[in-house]
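Line by line, the protein sequences are chains F and R. To convert, note that position 28 of the first sequence is 28 in the working numbering; the numbers rise steadily by one, no gaps. To convert, note that position 231 of the second sequence is 231 in the working numbering; the numbers rise steadily by one, no gaps. Every residue, glycine too, gets a C-beta built ideally from N, C-alpha and C.
Protein chains: 2
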Amino acid sequence: MPIPLTKESDVDVLVIGAGPAGLMCAHALAKAGVDVRIVDQRPKKVAAGQADGIQPRTIEVFQSYGLADRLLREGNQMHTAAFYNPSIDGGIECTGRAPDINAPNARYLFEVTLHQGAIEAIFLDSMTSLGIEVERPVMPTSIELSQDDAILKDPSMHAVKVVLKHLDVPEGKPNTEIVHAKFVVGGDGAHSWVRKSFDIAMEGEQTGALARHLTNPTHSRQNVTDYIWGVVDMIPETDFPDIRNRCAIHSNNGSCMVIPREGDTVRLYIQLADTDAVDVQTGRVDKNKMGPQRLLEVARKSFHPYSISTLHDVQWWTIYIIGQRVASRFSVRERVFIAGDACHTHSPKAGQGMNASMNDTHNLAWKLAHVLRGWSNISLLQTYEFERRKYAQDLIDFDRKFAALFSGKPRTESHQDGVTHEEFLEAFQTFGLFMSGIGVHYLPSAVVHTQHQAYASNLIIGERMVPHVFVRAADARPYEIQDLLPADTRFKILVFTGDIRDKLQPDRVTKLAADMEQPNAFLKRFSKGGIDSVFDILCINAGKKGSLNYTDFPALLRPHWSKVLVDDTDMYGRVGGGGYEKYGIDLRGVIVVVRPDGFVGMVAPFEELEDIASYFASFMHAS
Amino acid sequence: MPIPLTKESDVDVLVIGAGPAGLMCAHALAKAGVDVRIVDQRPKKVAAGQADGIQPRTIEVFQSYGLADRLLREGNQMHTAAFYNPSIDGGIECTGRAPDINAPNARYLFEVTLHQGAIEAIFLDSMTSLGIEVERPVMPTSIELSQDDAILKDPSMHAVKVVLKHLDVPEGKPNTEIVHAKFVVGGDGAHSWVRKSFDIAMEGEQTGALARHLTNPTHSRQNVTDYIWGVVDMIPETDFPDIRNRCAIHSNNGSCMVIPREGDTVRLYIQLADTDAVDVQTGRVDKNKMGPQRLLEVARKSFHPYSISTLHDVQWWTIYIIGQRVASRFSVRERVFIAGDACHTHSPKAGQGMNASMNDTHNLAWKLAHVLRGWSNISLLQTYEFERRKYAQDLIDFDRKFAALFSGKPRTESHQDGVTHEEFLEAFQTFGLFMSGIGVHYLPSAVVHTQHQAYASNLIIGERMVPHVFVRAADARPYEIQDLLPADTRFKILVFTGDIRDKLQPDRVTKLAADMEQPNAFLKRFSKGGIDSVFDILCINAGKKGSLNYTDFPALLRPHWSKVLVDDTDMYGRVGGGGYEKYGIDLRGVIVVVRPDGFVGMVAPFEELEDIASYFASFMHAS
């Protein structure tokens with residue numbers, strides 16, 4: 001029998017690119033039991049360097065997938081930001097230290113730093129245990145979307161045809177595969193092949209602006225935000241006392257940023273003069289003009305009077321020049337998606353890139369799973385672009401301000417228009433919510449209904465669920481509520497029952513349970529996959545642990561003994577209590593709907609169960 | 001060539017028995033790089049049942065070996081103890097709930113419950129990663145100790161000859177091995193073959209007493225503490241509201257104990273009447289007289305008016321009758337040791353057995369490593385029996401009181417000499433320090449020198465190092481100090497420097513560092529293995545994190561940037577601070593020596609470095 005020239009196969013989701021965006025996507029889908037494949041052109045995984053900062057919100061997301069333990073074990077923690085500015089004797093001095101995280105409700109009060117390869121390995125190993133591996137080196141060579149509207153509207157149809165070339169197949173053997181996918185996710189980086197295949201434009205400033213300025217200095221540099229930075233990862237030898245803190249060093253000899261990392265490794269970001277590293281003709285970085293030793297020489301000038309050198313060889317280095325851009329759209333007809341660097345690029349100073357990328361696909365994955373299972377309408381997928389493109393634009397606005405501030409000259413006698421330390425520190429704190437990822441806010445859409453916000457005034461609908469410790473009624477074990485909201489594709493129905501000891505409340509709770517059991521209530525109406533597969537119910541009481549039993553609650557609200565919580569301290573008064581107040585919960589009882597990605601989607605009082613049904617009706621099929 | 005009839009081999013330590021005591025021993029030795037083998041007669045590891053409670057102190061020990069994460073992930077946590085007593089209507093009622101742990105300085109405020117097989121698997125998997133496996137089924141058939149004093153005194157000699165029979169060798173093939181070991185540890189259970197081989201007597205009450213009472217009731221039962229208990233592991237179906245708490249149920253229909261376990265499993269301890277389960281002639285348990293269903297029937301009577309039944313099959317069950325005994329010695333000439341059930345047996349009501357066993361060999365392992373490396377005199381090994389036999393005796397005293405209390409009838413109108421709830425609760429709290437393992441106290445010996453206790457009044461010499469959170473000077477990351485004291489066979493030298501901002505203190509600290517560097521100071525005098533292998537120095541300052549740099553301290557006190565701590569809160573004021581006061585540290589500066597097993601061995605002011613040298617001289621060889 002002749003060997004067929006091309007293999008042909010079907011898959012539900014094909015992920016192209018195994019960077020942070022692609023891996024988060026494939027891992028989440030694999031965990032959800034979705035038929036997924038992930039391919040990457042590079043023959044090997046990343047070994048060092050690249051991105052390295054994980055924000056507090058992203059740690060929460062890792063935790064929701066059961067991946068935070070290893071991240072915390074392997075990574076460094078940044079608790080402190082230190083600021084250095086010019087001293088009168090020509091060197092630098094420490095002008096202040098501040099908490100690294102400025103976000104009131106952060107669960108993790110630090111950033112984790114760890115090189116990208118180690119972060120990716122966390123996903124890769126978990127994927128292996130789920131039976132999925134990155135296929136590499138595999139290059140996509142063509143992608144084609146069905147033109148048939150009927151096919152496009154039916155999520156069970158394989159509407160995308162992708163041709164893959166398996167690069168490791170020996171010459172002469174067939175190496176081409178045609179994949180028919182229901183959905184394709186392009187997490188293939190700043191030069192995304194998927195994006196280019198669909199002619200999606202990147203909007204924003206171009207590196208061209210810098211090139212024009214360099215070749216013709218009369219062309220203003222004013223609005224150019226394409227700063228040039230060198231990066232060096234190394235184990236330093238130094239007497240600099242803040243080498244294990246995140247540092248912003250503004251000196252009269254240049255700016256520098258210190259990012260302490262796993263083990264004894266430290267990353268330095270070093271600002272370069274245009275002419276140091278850029279080819280004047282093209283405006284592009286010319287790595288030949290600048291090696292790691294020259295980068296360190298530049299750094300050394302900023303560090304004076306402290307000394308710094310590298311103990312061994314430099315582990316990794318690069319120079320980059322990058323603009324602030326966002327793709328004009330993130331999806332092609334809700335069948336092909338781009339995520340991560342493929343749809344937004346920005347400077348790495350605030351450590352946002354990898355976080356934004358992973359949170360893109362964290363947002364997308366559960367929606368794909370719901371649509372593929374036939375639970376939700378394909379229109380749900382429109383909320384991906386709606387939510388994440390808005391975020392990318394906010395990110396770029398923020399990044400532009402932050403990068404400009406950071407790259408600006410410090411204010412001195414001769415530079416009266418420079419940036420003062422106070423201005424920098426204030427910006428650092430103002431941007432804290434954004435930088436931590438905690439402030440991400442999704443606007444009203446099919447999955448964000450805000451009408452009853454007042455019933456849980458501090459659980460902002462469209463933001464991630466606020467962490468807090470409650471104790472379990474059955475055994476008084478304290479639990480961070482986020483740990484009871486895993487990213488398992490289920491909607492979490494948090495029933496805040498008020499205080500069951502209050503005169504009227506037991507009857508109200510009993511009535512609620514009876515109402516929720518009605519065939520037309522949302523539980524039964526939107527449970528095509530079975531109530532327990534679509535919903536996870538938690539019951540949270542305002543009473544004290546000693547005064548009630550978990551068996552006091554209606555059976556519907558405690559499908560398992562572990563599902564009843566009380567807003568009280570643990571047995572030792574060390575943690576817990578005050579959750580109702582912190583959340584601003586109405587004591588007459590409130591239902592909070594938390595989306596599978598951990599964001600608050602909806603709040604309603606007991607009387608407005610029908611509004612919860614409307615919420616689900618806006619994107620789910622009735623069963 | 002003819003096949004030799006017997007194989008012959010050498011090993012440094014041979015561990016006989018792969019239960020909790022043997023596994024802790026082999027794991028600790030393997031981690032220390034010691035040449036160790038472990039054999040067990042049973043063909044397979046334990047799958048279910050057996051012991052299941054891990055005390056707070058034992059969790060700390062797990063953590064010191066890097067094993068606590070998995071224990072905490074897999075195990076259940078008991079935070080609450082609930083007490084049930086006879087109600088006026090003939091059933092039982094909850095008379096109180098209390099914290100399960102009553103120990104002021106406990107780091108883990110709960111007990112972990114998990115079946116013994118899962119606990120053993122934690123060691124087995126970690127051992128596999130260290131390249132050591134339990135050899136099974138292997139039965140020892142003879143053991144012989146050299147009679148030559150010169151050999152016995154030289155720890156490099158293989159003074160013990162053990163013959164092993166490999167039971168899985170096909171018939172007709174040679175299955176015998178002669179092992180020449182430097183040391184042998186018998187962790188081979190209550191019927192220890194090692195113990196019997198050396199005619200070591202078990203002291204204490206015998207089951208015979210019960211048998212005598214049963215065959216001749218005129219023989220007083222007064223002092224018989226051999227209560228008979230049935231045990232059932234199962235997933236219950238029940239309306240009992242405290243099924244996930246540790247419960248002591250005293251009813252007029254019998255006593256019962258509830259131990260919630262991993263997942264939904266619950267263990268019931270059920271007190272039996274003598275005649276229910278014991279063969280009158282032998283005084284031994286007759287399992288034929290009582291099955292799990294009959295055990296549950298007995299339990300059901302105690303639970304009334306609550307119902308309890310088993311959802312599926314009973315997972316495991318047993319009946320036991322056990323006395324309180326301790327071996328007359330724990331070692332034969334410091335060459336053969338017994339540990340765990342081999343040298344002490346007691347009732348399981350307070351969940352002590354497995355904990356005592358593991359802590360026996362935790363105490364022994366580092367001493368063996370030090371002697372085998374030639375660092376310490378073989379006499380160091382005498383402190384094993386000295387410390388652990390005293391503890392076993394204390395444990396049996398405690399257990400006798402606790403078991404009697406627990407098995408006693410509740411006080412009622414007709415039983416005026418019964419135990420009141422208040423008596424029981426008071427005992428429960430009084431015994432808290434002991435039950436948690438936190439109160440273990442070793443008396444003065446070569447490794448416990450108490451003369452300078454006053455300089456750190458609350459770090460009790462001979463007790464385990466008190467947990468507390470300090471922050472690292474270099475990066476303000478908060479650390480539980482116990483996590484900086486791993487069980488890595490090194491002595492931890494904690495230099496409490498006082499407040500370096502105080503006028504005189506910098507000079508005192510500088511002088512101390514210079515003194516410590518002298519050739520006759522303990523660091524250089526007792527570092528046959530190299531200073532960094534024998535000692536680990538931590539420097540703990542009373543100052544505030546913002547006011548000092550880690551680079552302010554003498555180089556000797558900060559061999560690495562991570563080694564300088566400050567007694568202050570983290571950047572967010574959430575944890576840390578107040579450690580000097582809690583520990584009762586003299587602000588002029590104190591050195592605390594923590595043993596490799598986490599116990600405080602010695603305290604000294606800066607001026608008494610020579611006393612620290614005397615401490616080490618009392619068991620270590622000078623280099």
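Residue contact with chain R for Met571 of chain F: present (Cβ-Cβ distance below 7 angstroms to some residue of chain R).
Looking at the backbone, the Cα of Ala150 of chain F and that of Ala159 of chain F are separated by about 10 angstroms. Contact annotation: Asp570 of chain R and Pro467 of chain R have beta-carbon atoms that are not nearer than 7 angstroms.
A direct Cα-Cα distance of roughly 16 angstroms separates Pro292 of chain F from Ile321 of chain F.
Of all residues in the region 470-504 of chain F, those with a C-beta nearer than 7 angstroms to a C-beta of chain R are Ala474, Asp475, Ala476 and Arg477, reading in chain order. For Asn245 of chain R, at least one C-beta of chain F is nearer than 7 angstroms to its own C-beta.
If you draw a 10 Å sphere on the C-beta of His370 of chain R, you find 16 or more other C-beta atoms in it, and that means buried. Among the residues of the region 541-567 of chain R, those with a Cβ less than 7 angstroms away from any Cβ of chain F are Gly546, Asn549, Tyr550, Thr551 and Trp561, in the order of the chain. Counting every other CB atom within 10 Å of its CB across the protein chains shown gives Leu109 of chain F a total of 16 or more, marking it as buried.
Within the same chain, Cβ atoms closer than 7 angstroms to the Cβ of Val593 of chain F are found at Phe491, Ile493, Gly601, Met602, Ile612 and Tyr615, the five residues on either side in sequence being excluded.
A Cβ-Cβ separation of about 4 angstroms places Ile308 of chain R in contact with Thr238 of chain R under the 8 angstroms criterion. Taking 7 angstroms as the cut-off, the Cβ atoms of Ala181 of chain R and Val332 of chain R do not count as close.
Not flagged as an interface residue toward chain R: Asp188 of chain F, since no C-beta distance is shorter than 7 angstroms. Counting along the chain, the unbroken beta strand (DSSP E) around Trp317 of chain F starts and ends at Trp316 to Ile321.
Counting every other CB atom within 10 Å of its CB across the protein chains shown gives Gln352 of chain F a total of 16 or more, marking it as buried. Annotated as distal: Gly598 of chain F and Val566 of chain F, with beta-carbon spacing of 7 angstroms or more. The C-beta of Ile259 of chain F has 16 or more other C-beta atoms within 10 Å across all chains shown, which makes the residue buried.
Counting the other Cβ atoms within 10 Å of the Cβ of Asn252 of chain R gives 16 or more, which makes it buried.
For Lys45 of chain R, the closest of R:Cys247, R:Ala82 and R:His115 by C-alpha to C-alpha distance is R:His115. For Ala487 of chain F, the number of other beta carbons within 10 angstroms of its own is at least 16, and it is reported as buried.
Taking 7 angstroms as the CB threshold, Pro241 of chain R lines the interface with chain F. For Leu164 of chain R, not one C-beta of chain F is nearer than 7 angstroms to its own C-beta. For secondary structure counted as the beta strand (DSSP E) over 3 or more consecutive residues, the region 124-154 of chain R holds these complete runs in sequence order: 138-145. Here Arg267 of chain F is bridged, per DSSP, to F:Asp233 and F:Ile259. Inclusion of Asn541 of chain R and Thr510 of chain R in the CB contact set at 7 angstroms is not warranted, their separation being larger than that value. Closer than 7 angstroms to the CB of His79 of chain R there is at least one CB belonging to chain F.
Taking 7 angstroms as the cut-off, the beta carbon of Ile38 of chain F is found no closer than this to the beta carbon of Gly186 of chain F. Pro467 of chain F has a beta carbon lying at 7 angstroms or more from every beta carbon in chain R. Residue pairing by DSSP places Lys161 of chain F opposite F:Glu144 and F:His180 in a beta bridge. In the DSSP assignment, Gln77 of chain R is bridged to R:Val112. Any Cβ of chain R closer than 7 angstroms to the Cβ of Pro99 of chain F would place that residue at the interface, and such an atom is present. Around the CB of His560 of chain F, fewer than 16 other CB atoms lie within 10 Å, so the residue is classed as exposed.
Here the alpha carbons of Ala513 of chain R and Ile531 of chain R stand approximately 14 angstroms from one another. Counting only residues of its own chain and dropping the five nearest sequence neighbours on each side, Val163 of chain R has a CB closer than 6 angstroms to the CB of Thr141, Ser142 and Ile178. Contiguous alpha helix (DSSP H) elements confined to the region 354-408 of chain F occur at 382-407, taking only those with 4 or more residues. For Leu109 of chain R, the nearest beta carbon of chain F is closer than 7 angstroms to its own beta carbon.
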